[in-house]
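Engineer:
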Amino acid sequence: MIPSELSCERVSVAPGGSPVLRGLSLRVEAGTRTALVGPSGAGKTTLLRVIAGLEAVQEGRILLADREIHRTAPHRRGIAVVFQEPRLLGHLDVLDNVALPLRAAGIARRERRRAAAMHLEEVGITALAKRRVQGLSGGEQQRVALARALSGDPDLLLLDEPLGALDPNRRTALRRVICDVQRERQVTTVIVTHDRSEAAELGDSIALMLEGRIVQHDEPRALFERPVSAAVARFFGVANLIADAAGTLAIRPEYVRIDSGGALRGTVLEAHYVGDHVRVIIDCGGRRIQAHVPPNTAPHLGQKIDVELPAEHVWRLPSSVPAAGEAIRD
Amino acid sequence: MPPGIRKVAERSRRARAPAIAAVIALPLLALIVRAFADVWRAPAIVPQRLGLRGVRIAFSGDTATAFTNSLIVALLTVTVALIVGWPAARVLGERRLRHPAPVFLLLAMPLLVPSYAVGSGLTEWFIRLGLDGTIPALVAAHLTFVLPYVTIVLLAGFGPRLTAVEEMGSVSGLTPLRRLVWVTLPSAAPTVAAAVLLGFLVSWSDYGASLAVGAGRSMLPVVLLPFVGADPQVAATLALLFLAPAIAALAVTVRAGRQPL
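In order, the protein sequence lines correspond to chains A and B. The first sequence begins at 1 in this note's numbering and counts up by one. The second sequence begins at 1001 in this note's numbering and counts up by one.
Laid out in structure tokens, this is it:
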């Protein structure tokens, strides 16, 4: 299958009169994974529903492999969706659930069950083929949903927080399956998540959505280290935004060093142990600096320490942000 | 808990449902005995003579016609109620109305009035239209109180979960018709079965509207009632006949209800 490029051009949606997507533009390169992140209410799920045809576009257009699809019925778009809940059919066994898109394509029962078994193998649940779906765990059900989505051989795969309801171990396992399957098939994929670390792991690129627009779309490292605005910086955990005469400087807390000989001198105000590091808040002459330090080198409250902001990790926020974040990528 | 005790507890749990069913069915046994008791004078505990007198008398009149009429009316009523109630229940169940309360009130109104009163009101119109005593008139009269039951039961099963699997069907490549047949109907089967059972039973057992609108047309509840008190054996026989389709409908419902959404 030749991978298809997805392009959303100035898409606006206002269900019930209140705008959710506001002239949004997004381009997903053929055969790649884009993680769509943003806070709750940013419009991520709405965008996926609009692309899938489950919500109507009010303005703008959507193209898949240069073909306009925004007026096409959902069942003719060649798009598969894995929802946050698996949405399996209780009256069918696992194999028939997976084979549903093949049944829709008119493939004979024996053949589609054989094909469905292959898709189950792809997602690592061959043993569940004959099981009823009610007895499956959340992770297993979500794998069945993924196998079902793949069985239709879609041009575009949309995943709407597919890991949201899973425990950390199952999340990790399913994350690996999603990446492996996508890499193998080269299917263009958009994955919604609100977890920025997960987005970095799942996406070849990350698109950040704020208030119905894509504000930055770039490779994962760029969003973490070279945010285009304070809002992007805050979402990606750039806790240190320092205003100076020329604008705003940003540095991630994990790059702040608390070595002796640092250019700044400060007092430790807070120190919180969070498992893999200690989050330290330092008062440097009225300016609060956050640093993440290994637990074994964490300073104690009230300690006077030297703070170093390595120049190679300091990023100056652009003075003007492009209207649609696509400009940053393209 | 030791495995032995757990096994006993599990068995007793499994035995509980049949035991409860048996207790509930006990009055049925009394009905069966009464239907075949040709002679049963007080204070005897058991009948003095068993026989088929009740069956002979029950079936000597127009019972068969009444049975057929009641069955046709109940089946047609429940079919029309499903066709009309389905879209109404979807709109209400999916909370697409901004102010659903007045609709609910309107829907429930016929249930607040005795069916005979509804039937009497309709009869006047049916006479004017020349429809009194016809099957369509009886179906229309039964619909007034069957439709609210069917719609209310349906809307309990229609909501975000049904919409969610339908959306899944759409993005799995199913056309609207295939989605209805392969996804919507099987997913809603338990709810539809419950609505059909309730609608059928309400129509099947209606006396008031059948009497008012029937204009002499035989309907089973109308045939049954005069025997209650006058001849308990015939009443018991007719009551058993009355139960048969209801039990069949129940069996179908239980089977459909095994496939949850």
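Where a beta carbon is used, it is the ideal one built from N, C-alpha and C, also for glycine. Predicted model only: the values in this text are computed from it and were never measured.
Compute the Euclidean distance between the alpha carbons of residue 1206 (chain B) and residue 1063 (chain B), then round it to the nearest angstrom.
Structural biologist: One C-alpha to the other measures close to 16 Å.
Engineer: In chain order, which continuous runs of the beta strand (DSSP E) of length 3 or greater are located wholly inside the stretch 42–100 of chain A?
Structural biologist: If we require 3 residues or more, the beta strand (DSSP E) runs fully inside the stretch 42–100 of chain A come out as 59–64 and 79–82.
Engineer: Within the continuous alpha helix (DSSP H) that includes residue 1157 (chain B), where are the two ends?
Structural biologist: 1135–1157 is the span of the alpha helix (DSSP H), which, as asked, contains residue 1157 (chain B).
Engineer: Anything in chain A within Cβ reach of residue 1164 (chain B), meaning under 8 Å, just list it in chain order.
Structural biologist: The contacting residues are 83, 85 and 87.
Engineer: I need the straight-line Cα distance from residue 363 (chain A) to residue 224 (chain A), nearest angstrom please.
Structural biologist: This structure leaves residue 363 (chain A) out entirely; chain A is present only between 1 and 330.
Engineer: Would you say residue 1254 (chain B) faces chain A, with C-beta separation under 7 Å as the test?
Structural biologist: Chain A, which has no Cβ nearer than 7 Å to the Cβ of residue 1254 (chain B), makes this no.
Engineer: If I follow the unbroken alpha helix (DSSP H) through residue 267 (chain A), where does it start and stop?
Structural biologist: Not the alpha helix (DSSP H): residue 267 (chain A) falls in the beta strand (DSSP E), residues 264–273.
Engineer: Are the CB atoms of residue 282 (chain A) and residue 307 (chain A) within a distance shorter than 7 Å?
Structural biologist: Contact flag set, yes.
Engineer: Return the residue from the list A:210, A:220 and A:197 that minimises the CA-CA distance to residue 204 (chain A).
Structural biologist: The option with the nearest alpha carbon to residue 204 (chain A) is A:220.
Engineer: With contact counted as at least three CB pairs below 8 Å, one residue from each stretch, are the stretch 1154–1166 of chain B and the stretch 1137–1145 of chain B in contact?
Structural biologist: Segments in contact, no.
Engineer: Establish whether the CB of residue 164 (chain A) and some CB of chain B are separated by less than 7 Å.
Structural biologist: Taking Cβ atoms only, chain B never reaches closer than 7 Å to residue 164 (chain A), which makes this a no.
Engineer: I need the boundaries of the beta strand (DSSP E) containing residue 260 (chain A), first residue and last residue.
Structural biologist: Unbroken run through residue 260 (chain A): none, as it is neither H nor E.
Engineer: Should residue 1094 (chain B) be flagged as near chain A, meaning a C-beta pair shorter than 7 Å?
Structural biologist: No, its Cβ sits nowhere closer than 7 Å to a Cβ of chain A.
Engineer: Excluding sequence positions up to five away, which residues of its chain have a Cβ less than 7 Å from the Cβ of residue 54 (chain A)?
Structural biologist: Contacts found: 74.
Engineer: Do residue 271 (chain A) and residue 309 (chain A) have their C-beta atoms within less than 7 Å of each other?
Structural biologist: It is not a contact, given that the beta carbons lie outside the stated cut-off.
Engineer: Is the CB of residue 152 (chain A) under 7 Å away from at least one CB in chain B?
Structural biologist: At least one chain B Cβ lies under 7 Å of residue 152 (chain A).
Engineer: How is residue 194 (chain A) classed by DSSP in three states: helix, strand or coil?
Structural biologist: Of the three classes helix, strand and coil, the one that applies to residue 194 (chain A) here is coil, per DSSP.
Engineer: Determine the chain B residues that contact residue 80 (chain A) at a beta-carbon separation under 9 Å, and present them in chain order.
Structural biologist: By Cβ distance, chain B contributes 1171, 1172 and 1173.
Engineer: Rounded to whole angstroms, what is the Cα-Cα separation between residue 1025 (chain B) and residue 1073 (chain B)?
Structural biologist: One C-alpha to the other measures close to 27 Å.
Engineer: For residue 1120 (chain B), which of helix, strand or coil comes out of DSSP?
Structural biologist: Residue 1120 (chain B) falls in the helix class under three-state DSSP.
Engineer: Quick one: using the 10 Å Cβ neighbour count with 16 as the cut-off for buried, is residue 216 (chain A) buried or exposed?
Structural biologist: Residue 216 (chain A) is buried by the Cβ-count criterion.
Engineer: Looking at chain A, which residues of the stretch 1182–1199 of chain B have a Cβ within less than 9 Å of any of its Cβ atoms?
Structural biologist: So the list reads 1182, 1183, 1186, 1187 and 1189, given in the order they occur along the chain.
Engineer: Who are the Cβ neighbours of residue 266 (chain A) in its own chain at under 7 Å, not counting the five residues just before and after it?
Structural biologist: Excluding positions up to five away in sequence, the list reads 282, 283, 284, 289, 305 and 307.
Engineer: Let's see if you can read the secondary structure: which residues bound the beta strand (DSSP E) around residue 31 (chain A)?
Structural biologist: Counting along the chain, residue 31 (chain A) falls outside any beta strand (DSSP E), and DSSP gives it neither H nor E.
Engineer: Beta-carbon within less than 7 Å of residue 148 (chain A)'s beta-carbon, same chain only, minus the 5 sequence neighbours each way: which residues are those?
Structural biologist: Answer for residue 148 (chain A): 97, 98, 100 and 101, listed in chain order.
Engineer: The stretch 1138–1169 of chain B: which residues have C-beta closer than 7 Å to a C-beta of chain A, in chain order?
Structural biologist: Flagged, chain order: 1164, 1165, 1167 and 1168.
Engineer: Buried or exposed: which applies to residue 1247 (chain B), given that a residue is buried once 16 or more other Cβ atoms fall within 10 Å of its Cβ?
Structural biologist: Exposed.
Engineer: Kindly give me the distance between the Cβ atoms of residue 33 (chain A) and residue 193 (chain A), rounded to whole angstroms, as I take these residues to be in contact under 8 Å.
Structural biologist: Actually they are not in contact, since the Cβ atoms of residue 33 (chain A) and residue 193 (chain A) sit about 11 Å apart, beyond 8 Å.
Engineer: Cβ atoms of residue 21 (chain A) and residue 12 (chain A): under 7 Å apart, would you say?
Structural biologist: Yes, these two residues count as a Cβ contact at 7 Å.
Engineer: Touch check for the stretch 1108–1128 of chain B and the stretch 1160–1177 of chain B: three-plus C-beta pairs under 8 Å?
Structural biologist: Touching, no.
Engineer: Report the residue from B:1070, B:1056 and B:1009 whose alpha carbon sits nearest the alpha carbon of residue 1135 (chain B).
Structural biologist: Out of B:1070, B:1056 and B:1009, B:1070 has the C-alpha closest to the C-alpha of residue 1135 (chain B).
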